[in-house]
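Be aware that the sequence shown starts at 10, since it is given in the numbering used here, and climbs by one per residue.
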Amino acid sequence: MQNRIETLLATTFGVMFLGLSLFITVEVLLRKLFGISLDGSYELGGYALAIGSTLSFTLALFGRSHIRIDIIHERLPAIAKAVLNTLSAILLASFAALMGYLAWSVIADTLDYHAVSQTPWATPLIYPQSLWYAGQAIFMIAAIYLALKACWLLLKGRTSELNEMYQPKSIKQELEEELDSLKVRTATPNTTPQEHN
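Given below as structure tokens:
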């Protein structure tokens with residue numbers, strides 16, 4: 010399930026920025042060739058950045074890519090690691106919940122004031138902000154779910170499973186992932202990544 014959500018978010022992120030790139034290209038060509046400006050690329054770029062950043066929060070969460078200081082972490086016994094990993098998940102979920110709450114207050118203000126963008130398009134802000142909030146909500150729900158799962162694993166005494174799922178990626182793990190990704194990207198169409206070993 011987590012892999013499907015991750016794939017969907019990454020695809021949405023990519024399609025959104027490819028669409029923005031295409032729009033900017035069309036606008037630049039129209040401006041250079043015909044002197045016509047659509048006056049919207051910077052506005053759409055801002056919306057794409059805001060929405061994309063909320064999607065990337067969840068992608069980083071699933072990929073265990075959020076920054077953690079782990080100098081001492083590797084030297085601790087398994088139970089201490091499990092407690093710290095659970096605490097980390099709880100703190101991240103608390104932050105995500107705070108962000109979700111604050112984002113909702115922005116949406117509420119937008120609805121109260123019927124706010125529109127201060128651009129020639131005068132876009133009703135509820136539309137891009139709703140997508141932005143959806144990204145925040147996905148991050149919040151995912152973070153809370155993972156925090157609850159970490160607590161459950163800790164209470165059940167399944168520390169090795171908890172540590173495997175929640176500890177920061179080691180340099181070795183990151184290097185192995187990059188090498189595997191490189192093999193896939195450089196494989197010729199008639200070969201599989203295993204044939205390069």
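Cβ atoms here follow ideal geometry from the backbone N, Cα and C, with glycine treated the same way.
Remember, it's a predicted structure, so these values are computed and weren't measured experimentally.
Quick check on the DSSP output: the alpha helix (DSSP H) that includes residue i runs from which residue to which?
i       : result
Trp-130 : It is not in any alpha helix (DSSP H) - Trp-130 carries neither H nor E in the DSSP assignment.
Met-149 : 135-164
Leu-53  : 50-71
Met-108 : 87-122
Let me know the secondary structure DSSP gives residue i once reduced to three states.
i       : result
Ile-76  : coil
Ile-81  : coil
Leu-47  : coil
Ser-179 : coil
Asn-206 : With a pLDDT of 48 at Asn-206, under the threshold of 50, the modelled position of that residue is not reliable, and no figure is offered here.
Ala-196 : coil
Val-40  : Reading off the sequence, residue 40 comes out as Arg, not Val. Three-state DSSP puts Arg-40 in a helix.
Glu-187 : helix
Met-8   : Nothing about residue 8 can be read from this structure; the chain reaches only from 10 to 206.
Since residue i contacts residue j with CB under 8 Å, what's their CB separation in whole angstroms?
i       : j       : result
Glu-52  : Trp-130 : 6 Å
Lys-90  : Gln-176 : 6 Å
Leu-64  : Thr-21  : 6 Å
Leu-155 : Leu-70  : 7 Å
Ala-27  : Leu-68  : Reading the sequence as shown, one finds Leu at residue 27 and not Ala. Rounded, the Cβ-Cβ distance is 17 Å, inconsistent with contact.
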